[in-house]
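Trainee: What follows is a structure written as structure tokens; I'll ask about it next.
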Amino acid sequence: MQTIVYEILRNSLYAIAREMKIAMMRTAASPIMHLGADASAAVFDAQMQLVAQGNDIPTMLGSAVISTKVSVEAIGRDNLRPGDVIISNDAYLGGGNHQPDIQITRPVFVDNEIVAFVMTRGHWNDIGGQAPGSYALNTWDIYGEGIRIPPVLLFRNDEIVRDVQNMIVSNTRDPEGRLLDIQAQYAGTFVGDQRIQSLVKKYGADALRDAMKRSLDHSETLMREAIRGIPDGVYEAEDFVEGVQSPGWSGANIPIKVKVTVAGDQIHFDYTGTGKQARGGINCPLAVTCNSTWFTVKALTDVAIPINQGCYRPVTIEAPLGSIVNCTFPASVVSGNTETSPRVIDLCLKALSQAVPERVIGQSNCAACSGVFGGRDPNEARVRRTGKEFISLVEPHGGGMGARATRDGINGIRVYVGNAGALPVEFIEQTMPITVEAWALVPDSGGAGRWRGGLTSRRTYRVGFEEATVTAAGERGQAAPEGYFGGLAGGLFECRIVSPDGAERSMPSKGATEIVHLGDRVLLQPAGSGGYGDPKERAVASIEADLLDGYITLEAARTLYGYQGSIE
Numbered sequence: 003m004q005t006i007v008y009e010i011l012r013n014s015l016y017a018i019a020r021e022m023k024i025a026m027m028r029t030a031a032s033p034i035m036h037l038g039a040d041a042s043a044a045v046f047d048a049q050m051q052l053v054a055q056g057n058d059i060p061t062m063l064g065s066a067v068i069s070t071k072v073s074v075e076a077i078g079r080d081n082l083r084p085g086d087v088i089i090s091n092d093a094y095l096g097g098g099n100h101q102p103d104i105q106i107t108r109p110v111f112v113d114n115e116i117v118a119f120v121m122t123r124g125h126w127n128d129i130g131g132q133a134p135g136s137y138a139l140n141t142w143d144i145y146g147e148g149i150r151i152p153p154v155l156l157f158r159n160d161e162i163v164r165d166v167q168n169m170i171v172s173n174t175r176d177p178e179g180r181l182l183d184i185q186a187q188y189a190g191t192f193v194g195d196q197r198i199q200s201l202v203k204k205y206g207a208d209a210l211r212d213a214m215k216r217s218l219d220h221s222e223t224l225m226r227e228a229i230r231g232i233p234d235g236v237y238e239a240e241d242f243v244e245g246v247q248s249p250g251w252s253g254a255n256i257p258i259k260v261k262v263t264v265a266g267d268q269i270h271f272d273y274t275g276t277g278k279q280a281r282g283g284i285n286c287p288l289a290v291t292c293n294s295t296w297f298t299v300k301a302l303t304d305v306a307i308p309i310n311q312g313c314y315r316p317v318t319i320e321a322p323l324g325s326i327v328n329c330t331f332p333a334s335v336v337s338g339n340t341e342t343s344p345r346v347i348d349l350c351l352k353a354l355s356q357a358v359p360e361r362v363i364g365q366s367n368c369a370a371c372s373g374v375f376g377g378r379d380p381n382e383a384r385v386r387r388t389g390k391e392f393i394s395l396v397e398p399h400g401g402g403m404g405a406r407a408t409r410d411g412i413n414g415i416r417v418y419v420g421n422a423g424a425l426p427v428e429f430i431e432q433t434m435p436i437t438v439e440a441w442a443l444v445p446d447s448g449g450a451g452r453w454r455g456g457l458t459s460r461r462t463y464r465v466g467f468e469e470a471t472v473t474a475a476g477e478r479g480q481a482a483p484e485g486y487f488g489g490l491a492g493g494l495f496e497c498r499i500v501s502p503d504g505a506e507r508s509m510p511s512k513g514a515t516e517i518v519h520l521g522d523r524v525l526l527q528p529a530g531s532g533g534y535g536d537p538k539e540r541a542v543a544s545i546e547a548d549l550l551d552g553y554i555t556l557e558a559a560r561t562l563y564g565y566q567g568s569i570e
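At position 334 of the sequence shown (counting the first as 1) the number is 336 in the working numbering, and the numbers step up by one without a gap.
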């Protein structure tokens with residue numbers, strides 16, 4: 003195959019994945035999908051190896067390496083026909099990352115032969131379960147997290163299987179919205195199917211097959227070369243994940259440990275010694291731990307390596323069965339995907355900071371820090387306009403990203419495996435009985451250092467529901483994100499509910515769903531992030547710029563950085 007033809011095919015596959023996501027987002031009903039972009043799309047070869055993806059949600063795409071294969075094998079490859087579409091979300095039966103993320107998988111046929119698979123995955127605003135928004139952490143088991151969908155055919159010959167559709171949407175609090183989400187994700191896979199068929203028509207199935215194999219092998223070769231740049235050795239670290247703090251629950255922290263062995267062009271991660279799976283939705287299915295590990299390796303090597311399953315071939319993983327990083331049925335998993343997973347990444351970075359200190363960053367906020375509201379809209383005019391009596395807001399929040407070896411961390415951002423964004427304030431206030439009264443960076447929340455950690459942000463919501471539920475899923479409410487090589491820790495997670503009479507109550511980073519009422523205010527603040535290097539070595543000009551920007555207070559400048567000047 004000529005190199006130019008190979009490059010055309012390879013880049014076309016990545017473009018197809020991006021177009022699939024755009025098609026899905028344009029018509030999805032869940033705001034976290036169509037505005038927050040909590041959705042992903044990918045192309046797989048005929049052997050179900052991931053060959054192309056968009057710049058989407060890493061935790062969705064990494065785990066799809068496992069879930070796509072599981073989904074196809076559950077139905078049976080030989081049982082699939084053109085126009086068939088599989089739906090699944092289950093962490094145990096479908097290889098999923100957590101229940102709110104729904105995967106739709108479609109085989110692409112040419113002349114009655116499967117030449118590829120395409121996949122879309124999106125976060126649905128509600129899938130039933132214990133509390134509105136389907137994000138309750140104090141669930142006894144996975145049954146409290148919402149409907150479990152094993153791999154099952156949702157479309158046959160591009161016709162919806164009505165019984166399956168009705169069973170799924172009837173177990174959610176917004177069935178009309180879920181119908182639109184299904185159609186949006188189906189549309190994404192339909193677009194992918196059509197685009198791949200066009201490639202085959204122009205270049206041939208053999209050329210497509212060869213290009214896919216070459217792309218996988220090329221990424222593997224580049225990744226092995228990059229791993230050789232990490233000094234051989236054994237590197238270890240330990241930390242903990244915060245337990246669920248609900249009335250009557252122990253809330254005990256769970257230890258996590260890793261031993262990383264680098265040998266030539268291979269790298270092995272051993273999580274032996276990590277604590278057992280715990281009560282509540284903080285456990286990681288193996289697919290999530292694999293993704294966290296792969297993400298770490300990709301982040302520490304070369305971001306320019308085309309990302310596909312070939313990148314993961316030099317990486318091996320050992321995770322004890324029944325531990326918090328390889329949980330067994332029926333452990334709850336919803337926050338394992340969004341909070342425990344980034345803690346695992348920080349753990350791996352901590353271990354490898356001994357090998358490549360110039361490539362790691364200070365510890366980060368490590369959470370989607372989702373604020374989840376659910377209740378009946380009391381505004382009858384709005385209900386008539388939107389057609390939605392039940393409102394569910396699922397909104398991730400940006401915290402601090404740790405400082406780097408040569409520059410400051412990033413303020414108010416999702417980190418690591420989550421790329422979803424906050425919803426526009428205007429959208430929230432136009433469509434929901436919620437007012438966003440404040441959204442601002444929090445001074446001094448970035449750990450001091452030669453390079454300062456990224457600041458967290460705080461949102462203040464005023465409740466317009468007469469009565470509603472609120473759930474907060476965060477991390478680092480007990481131990482702040484550490485700095486490295488002399489850098490200091492960042493700020494802690496914080497969530498408070500303030501009543502109109504001024505009474506306050508705090509919510510832990512992982513606690514029970516609370517009830518709020520008209521006029522209550524909810525202040526939600528993810529953790530900050532750690533600094534890098536000795537704060538006394540920070541340039542005076544950088545300290546003064548931070549003071550002018552309001553990133554640090556004068557007191558912090560004097561006590562932490564040793565600043566002696568003045569700002570007019």
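Note that the Cβ used here is the ideal one computed from N, Cα and C, for glycine as well.
State whether the region 310-320 contacts the region 267-286, with contact taken as three or more CB pairs (one from each stretch) at a distance under 8 angstroms.
Mentor: yes
Trainee: For PRO2, which residues of its own chain have a beta-carbon under 6 angstroms away from its beta-carbon, when the five flanking residues on both sides are left out?
Mentor: Any answer about residue 2 is impossible in this case: the structure gives the chain only from 3 up to 570.
Trainee: On the three-state DSSP scale, how would you describe LYS538?
Mentor: helix
Trainee: Bridge partners of ILE116, per DSSP?
Mentor: PHE111
Trainee: Could you say which of GLU431, SER172, PRO398, CYS329 lies nearest to ILE59 if we only look at CA atoms?
Mentor: PRO398
Trainee: Based on the DSSP secondary-structure assignment, which residues constitute the bridge partners of ASN328?
Mentor: SER325
Trainee: For MET27, which residues from the same chain have a beta carbon less than 8 angstroms from its beta carbon, with the 5 sequence-adjacent residues on both sides left out?
Mentor: MET35, HIS36, ALA39, ALA41, ALA186
Trainee: Which value, in whole angstroms, describes the spacing of the CA atoms of ALA407 and GLY449?
Mentor: 14 angstroms
Trainee: Considering only residues of the same chain and omitting the five flanking positions on each side of PRO483, which have a CB-CB separation below 8 angstroms?
Mentor: ASP348, GLY364, GLN365, SER366, ASN367, CYS368, GLY402, GLY404, GLY449, GLY455, ALA491, GLY492, ALA529, GLY530, SER531, GLY532
Trainee: Do PRO102 and LEU82 have their C-beta atoms within less than 8 angstroms of each other?
Mentor: no
Trainee: Name, in chain order, the residues that DSSP records as bridge partners for LYS259.
Mentor: Paired residues: GLU240.
Trainee: Determine whether the beta carbon atoms of GLY535 and PHE487 lie at a separation below 8 angstroms.
Mentor: A contact, by the Cβ cut-off of 8 angstroms.
Trainee: So GLU477 is in the alpha helix (DSSP H); what residue range does that whole segment cover?
Mentor: That residue, GLU477, is in no alpha helix (DSSP H); it is neither H nor E in DSSP.
Trainee: Counting Cβ pairs closer than 8 angstroms, one from the region 169-180 and one from the region 6-19, do we hit at least three?
Mentor: no
Trainee: Per DSSP, TYR463 is paired with what?
Mentor: DSSP output for TYR463 lists VAL438, VAL524 as bridge partner(s).
Trainee: Could you check whether the Cβ of THR303 sits closer than 8 angstroms to any Cβ belonging to chain C?
Mentor: The structure shown contains no chain C; it is built from a single protein chain.
Trainee: From what residue to what residue does the beta strand (DSSP E) around SER90 run?
Mentor: 87-90
Trainee: Helix or strand or just coil, what does DSSP make of PHE157?
Mentor: In the three-state DSSP reduction, PHE157 falls in the strand class (E or B).
Trainee: Assuming the contact rule is C-beta atoms closer than 8 angstroms, ILE162 and ILE149 should be a hit. Round their C-beta distance to whole Å, please.
Mentor: No, ILE162 and ILE149 are not in contact; Cβ-Cβ is about 17 angstroms, not under 8 angstroms.
Trainee: If you draw a straight line from the alpha carbon of LEU550 to that of VAL72, how long is it in whole angstroms?
Mentor: 54 angstroms
Trainee: Go through its chain and collect everything with a Cβ distance to MET214's Cβ below 6 angstroms, but skip five positions before and after it.
Mentor: The answer, listed in chain order, is ASP47, VAL53.
Trainee: Using DSSP with H/G/I as helix, E/B as strand and the rest coil, what is MET403?
Mentor: coil
Trainee: Here's a check: name, in chain order, each residue in its chain whose Cβ is nearer than 7 angstroms to the Cβ of SER355, leaving out the five neighbours to either side.
Mentor: VAL362, TYR486
Trainee: Among ARG452, VAL336, LEU288, which residue has its Cα nearest to the Cα of ARG540?
Mentor: ARG452
Trainee: So, is GLN527 buried or exposed, given that buried needs 16 or more other C-beta atoms within 10 angstroms?
Mentor: buried
Trainee: Of the residues GLY194, LEU494, ILE517, which one's Cα is nearest the Cα of GLY476?
Mentor: LEU494
Trainee: From ARG498, ALA239, GLN199, ALA31, pick the residue whose C-alpha is nearest to that of VAL346; which is it?
Mentor: Nearest of ARG498, ALA239, GLN199, ALA31 to VAL346, Cα basis: ALA239.
Trainee: Quick test of the definition: if touching needs 3 or more C-beta pairs under 8 angstroms, does the region 495-503 touch the region 517-525?
Mentor: yes
Trainee: Classify ARG478: buried if its beta carbon has 16 or more other beta carbons within 10 angstroms, exposed otherwise.
Mentor: buried
Trainee: Quick check: is any heavy atom of the ligand SAH less than 7 angstroms from the C-beta of SER334?
Mentor: You won't find the ligand SAH in this model; it holds no ligand whatsoever.
Trainee: What is the C-beta distance between ARG416 and ALA370, in whole angstroms, given that I count them as a contact (C-beta under 8 angstroms)?
Mentor: 7 angstroms
Trainee: In three-state terms, what does DSSP make of PHE271?
Mentor: strand
Trainee: Using the C-alpha atoms, what's the distance from GLY146 back to THR330?
Mentor: Rounded to whole angstroms, THR330 to GLY146 spans 16 angstroms at the Cα level.
Trainee: Beta carbon of ALA357, beta carbon of THR303: below 8 angstroms?
Mentor: no
Trainee: Look up MET509 in the DSSP assignment and say whether it is helix, strand or coil.
Mentor: Residue state, collapsed to three classes: coil.
Trainee: Can you grab the Cα-Cα spacing for the pair VAL154 / GLU244, in whole Å?
Mentor: 35 angstroms
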